[in-house]
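Trainee: Here the sequence shown is numbered in our numbering, starting from 5 and rising by one per residue. Before I ask anything, let me first share the structure, which is written out below as structure tokens.
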Amino acid sequence: MGSGMTMIPKSPDRSALEQEQFLKILSREEALARFEAALFPRALQTETRKLVAALGTALAEDVTAPIDVPPFDRSNVDGFAVRSADLAAAGEGAPVRLALNGETIHCGTAPILQVAAGTATAIATGGPLPRGADAVVMVEHTQPAGQDAIDVRRAVSPGLFVSYAGSDIARGEALLRAGTIIGSREIGMLAACGVAEVSVVRRPRVAVISTGDELVQPGQVLGPAEIYDTNGAIVAAAIDENGGEAVFLGAIPDDEAKLEAAMRDALADADMLVLSGGTSKGAGDLSHRIIGRLGAPGIIAHGVALKPGKPLCLAVCDGKPVVILPGFPTSAMFTFHDMIVPVLRRMAGLPPRSDAKVNVTVPVRIASELGRTEFVMVSLVQGRAGLIAYPSGKGSGAITSFAQADGFLRIDALADQMPAGTETEVTLFTPHVRVPDLVIVGSHCTGLDLVTAQLAHASLTVRSIAVGSLGGLAAAKRGECDLAPIHLFDDRSETYNTPYLVEGLELVAGWRRMQGIVFRKGDKRFEGLSAKEAVAAALADPTCIMVNRNQGAGTRILIDRLLGGVRPEGYWNQPRSHNAVAAAVAQHRADWGMTIAPVAHAGGLGFIPLAEEHYDFALVTARKDRPAVRAFLDALGSSAARAALERAGFRPA
């Protein structure tokens with residue numbers, strides 16, 4: 005450690021006291037301002053790169069043109085180099101005959117003969133203009149007159165079809181300024197001037213470490229309670245996207261000595277250190293404690309009023325930024341892009357990101373937490389009067405929500421909700437809105453992927469948003485989707501789905517699927533019983549925990565009917581998919597729930613049939629002739645889709 009480093013004693017009491025000051029939650033703006041103030045101003049690190057390796061970097065100094073471009077007067081067309089004065093009287097009715105000189109000038113060929121009065125020299129596009137000539141006549145405006153002459157039927161002015169030396173770039177001209185981001189066009193300009201290498205801002209080397217005993221690298225086998233290390237790969241990729249050079253050092257277990265050694269080695273070699281995990285204030289997280297021993301000033305902010313991303317930790321150790329991102333992938337990526345990318349790009353000499361934004365309407369209420377700026381990922385669909393933004397609703401641990409979302413909206417820290425119908429702004433993850441070809445909003449079913457796979461193979465994009473049957477029906481009524489998958493039973497008519505349709509919607513038959521009680525095989529509370537008997541047995545056992553489904557789901561309606569108003573333990577655990585219900589039971593977080601037979605069987609679980617429900621589609625009539633809708637209907641009725649559904653345990657209608 006350097007002589008100017010602040011040493012923090014390792015005494016547990018002193019360490020706890022030192023860290024206590026960082027438990028105060030800072031606003032996003034204050035945390036970023038403190039972080040940048042501790043890092044900047046700082047000199048940009050430069051290096052010389054070959055032109056082919058300079059793409060995406062920032063020029064460190066001005067570049068002036070060492071030569072003229074073009075370096076000589078050249079022809080812009082195939083034709084003949086002439087003296088314009090010889091053709092002053094030429095016209096269609098009065099051609100002028102010129103004798104041909106005994107050479108043809110090609111690209112890369114220096115002319116030998118002078119163009120004297122009454123003569124012309126054949127010249128190719130890009131060929132150097134010979135002495136004596138001041139214009140080029142296009143070959144289309146001439147006619148051969150024997151072997152050694154041409155007739156010209158058009159007058160030309162001096163300089164016609166000639167690019168003069170330096171007309172593109174003049175020697176000594178400022179070609180590119182310092183700070184210019186080198187793209188393909190800039191590389192072309194530099195290459196045209198013969199520049200082989202340039203001085204650029206060196207990409208900051210960013211060491212990436214994942215932390216946690218539970219992490220396994222992709223490609224390895226998962227053990228109990230283990231998860232794949234998502235953050236390492238996605239953070240490294242995001243660093244490279246924003247001007248850095250990521251160096252992934254793998255996952256380090258929650259061992260203080262090993263982690264400290266890895267962090268010290270990383271800081272010795274890299275310009276920045278990014279860790280994911282280890283930001284919570286629990287006893288199992290070590291990273292923030294180690295930072296206090298790595299250099300001054302240490303932790304700048306530990307806890308930022310962001311959602312997701314509250315446990316973000318920002319530090320500076322002897323001039324090098326150290327960042328501890330939250331462990332959940334979505335939290336990690338939001339905080340990285342919002343708080344770390346500005347610093348990384350500044351270190352790389354790059355300008356701030358310029359993110360595209362669009363105006364949208366939010367169709368559903370979004371609850372928020374007072375006191376924290378909340379970022380909500382959304383999927384965009386085209387509504388009747390503009391873009392509609394549906395929140396992903398998958399939580400900060402869902403990597404797919406980040407990958408599949410179109411952008412995010414912001415809820416101010418002073419608001420506790422965003423009401424349905426709010427008009428707001430969405431920041432896009434890509435430069436342009438990607439409106440899908442087909443939008444499906446409604447109930448979740450694994451069989452849906454078997455049908456839409458054919459559309460993906462036909463290069464049609466499909467967006468499926470799981471909001472439950474009632475949510476999908478509401479979206480269809482508002483014209484926010486093409487199709488709404490529903491399975492809603494009507495007690496009065498004792499039929500599925502049709503009674504729920506309104507004007508402008510029509511029903512498309514889908515498939516039949518068996519709903520029932522899922523449990524772990526061998527559980528004597530459920531084995532051999534009917535669905536109603538099994539639920540009665542579960543309700544009679546206070547230790548028996550259920551897992552429910554989200555409000556608005558057809559399955560939830562079926563569960564509530566079966567429970568008859570009782571709210572047993574686990575009732576408020578409300579995941580949004582059949583797979584989540586099965587996983588909760590398989591992992592002993594719940595003892596029973598309701599799902600569909602294919603999902604229960606795939607998980608090796610016990611299953612008690614209750615009712616074969618109709619999984620159909622409410623089709624928005626006004627959209628039925630759209631190509632993507634017709635493609636979906638064709639796929640739904642195809643023998644390939646029907647066979648795939650049957651193999652998966654569904655019964656096509």
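Where a beta carbon is used, it is the ideal one built from N, C-alpha and C, also for glycine.
Sort LEU117, THR108, LEU133 and ALA103 by Cα distance to THR123 and report the nearest one.
Mentor: Here the closest residue by C-alpha is ALA103.
Trainee: Can you tell me the Cβ-Cβ gap for TYR619 and CYS449, rounded? I've got them flagged as a contact below 8 angstroms.
Mentor: The pair is a contact, with the Cβ atoms about 6 angstroms apart (cut-off 8 angstroms).
Trainee: Can the beta-carbon of CYS321 be found closer than 8 angstroms to that of LEU290?
Mentor: Result no, Cβ atoms of CYS321 and LEU290 do not sit closer than 8 angstroms.
Trainee: Helix, strand or coil for ARG293? Go by DSSP, reduced to three states.
Mentor: Helix.
Trainee: Measure how close the beta-carbons of GLY520 and ALA590 come, nearest whole angstrom, since I'm counting them as under 8 angstroms.
Mentor: Between ALA590 and GLY520 the Cβ distance is about 16 angstroms, and since that is not below 8 angstroms, they are no contact.
Trainee: Can you round the beta-carbon distance between ILE563 and MET598 to whole angstroms, since I take them to be within the 8 angstroms contact cut?
Mentor: Yes, ILE563 and MET598 are in contact; Cβ-Cβ is about 5 angstroms, under 8 angstroms.
Trainee: According to DSSP, simplified to helix, strand and coil, what is ASN235?
Mentor: Looking at ASN235 - three-state DSSP - the assignment turns out to be helix.
Trainee: Any idea what DSSP makes of HIS436, helix, strand or coil?
Mentor: The answer is coil: DSSP assigns HIS436 none of H, G, I, E or B.
Trainee: What is the rounded straight-line gap between the Cα of ALA586 and the Cα of ARG580?
Mentor: In a straight line, the C-alpha of ALA586 is about 12 angstroms away from that of ARG580.
Trainee: Apart from the five residues just before and just after GLY401, which ones in its own chain have a Cβ nearer than 6 angstroms to its Cβ?
Mentor: Interpretation of GLY401 is limited by its pLDDT of 48, a score under 50 that renders its predicted location unreliable; no figure is taken from the coordinates.
Trainee: The alpha helix (DSSP H) with LEU537 in it runs from where to where?
Mentor: Rather than Leu, the amino acid found at residue 537 in this sequence is Glu. Its alpha helix (DSSP H) spans residues 535-544.
Trainee: Taking all protein chains shown into account, decide if TYR168 is buried (16 or more other Cβ within 10 angstroms of its Cβ) or exposed.
Mentor: It counts as exposed.
Trainee: Report the option in ARG101, LEU30 and ASP138 whose CA atom is closest to the CA atom of PHE76.
Mentor: It is ASP138 whose Cα lies nearest to the Cα of PHE76.
Trainee: With respect to the beta strand (DSSP E) encompassing LYS628, which residues constitute its N-terminal and C-terminal limits?
Mentor: Careful: LYS628 lies outside any beta strand (DSSP E) and carries neither H nor E.
Trainee: To which residues of the same chain is ALA242 closer than 8 angstroms at the C-beta, ignoring the five residues directly before and after it?
Mentor: If we look at ALA242 and ignore the five residues flanking it on each side, its Cβ neighbours are MET337, PHE340, HIS341 and VAL345.
Trainee: By DSSP's criteria, GLY520 is part of a beta bridge. Which residues make up the other side?
Mentor: Paired residues: THR599 and PRO613.
Trainee: Mind checking ASP275: buried by the 16 CB within 10 Å criterion, or exposed?
Mentor: Per the 10 Å Cβ criterion, buried.
Trainee: DSSP three-state label for VAL368, please.
Mentor: The answer is coil: DSSP assigns VAL368 none of H, G, I, E or B.
Trainee: Bridge partners of CYS317, per DSSP?
Mentor: Beta-bridge pairing links CYS317 to HIS306 and ILE328.
Trainee: Taking a contact to mean a Cβ-Cβ separation below 8 angstroms, would you say LEU329 touches VAL380 in this structure?
Mentor: For LEU329 and VAL380, no; Cβs fall outside 8 angstroms.
Trainee: How about ALA371 and ALA35: do their beta carbons lie closer than 8 angstroms?
Mentor: Cβ distance not < 8 angstroms, so ALA371 and ALA35 don't count as in contact.
Trainee: For HIS592, count neighbouring C-beta atoms within 10 Å of its own C-beta (all shown protein chains included) and say buried if the count is 16 or more, exposed if not.
Mentor: Exposed, because fewer than 16 other Cβ atoms sit within 10 Å of the Cβ of HIS592.
Trainee: Determine, using beta carbons only, whether ASP420 and LEU374 come nearer to each other than 8 angstroms.
Mentor: Cβ distance < 8 angstroms, so ASP420 and LEU374 count as in contact.
Trainee: Hey, ALA126 and THR113 are a contact pair by Cβ (cut 8 angstroms); roughly how many whole angstroms apart?
Mentor: Contact flag wrong, Cβ pair sits at about 11 angstroms.
Trainee: Considering only the alpha carbon of each residue, which of ARG189, GLU201, VAL251 and SER358 lies closest to PRO435?
Mentor: Checked all of ARG189, GLU201, VAL251 and SER358; the closest Cα to PRO435 is SER358.
Trainee: Contact check, ARG467 vs VAL443 under 8 angstroms by CB: the rounded distance?
Mentor: Yes, they are in contact, since the Cβ atoms of ARG467 and VAL443 sit about 5 angstroms apart, within 8 angstroms.
Trainee: Which residues in the same chain as ILE549 place their Cβ atom closer than 7 angstroms to its Cβ, once the five residues preceding and following it in sequence are excluded?
Mentor: Same-chain partners within the cutoff: GLU573, GLY574, ALA594 and ASP595.
Trainee: Look up ALA20 in the DSSP assignment and say whether it is helix, strand or coil.
Mentor: In this prediction, ALA20 scores a pLDDT of 42, lower than 50, which makes its location untrustworthy; no coordinate-derived value is stated.
Trainee: Give a yes or no on whether the C-beta atoms belonging to VAL86 and MET142 are separated by under 8 angstroms.
Mentor: Going by C-beta atoms, VAL86 is not nearer than 8 angstroms to MET142.
Trainee: With DSSP run on the structure shown, which of helix, strand or coil describes TYR504?
Mentor: Helix, per DSSP.
Trainee: Looking at the secondary structure, which residues open and close the alpha helix (DSSP H) in which PRO43 lies?
Mentor: According to the sequence provided, residue 43 is Leu. The question's Pro does not apply to it. Note, LEU43: alpha helix (DSSP H), 32-43.
Trainee: Going by the DSSP bridge assignment, what does PRO395 pair with across the sheet?
Mentor: Looking at the DSSP assignment, PRO395 forms a beta bridge with VAL382.
Trainee: CA-CA distance, HIS582 and GLY558?
Mentor: Near 11 angstroms, if we compare the C-alpha coordinates of GLY558 and HIS582.
Trainee: Flag this pair as yes or no: are the beta carbons of GLY3 and CYS111 separated by less than 8 angstroms?
Mentor: The shown model of the chain, from 5 to 657, leaves out residue 3, and the question about it has no answer.
Trainee: In chain order, what residues of the same chain lie with their CB nearer than 8 angstroms to the CB of LEU164, ignoring the 5 residues before and after it?
Mentor: Correct list, in chain order: SER88, ALA139, VAL140 and VAL141.
Trainee: Between the C-alpha atoms of ARG634 and THR625, what's the straight-line distance to the nearest angstrom?
Mentor: Their backbone Cα atoms lie some 12 angstroms apart in a straight line.
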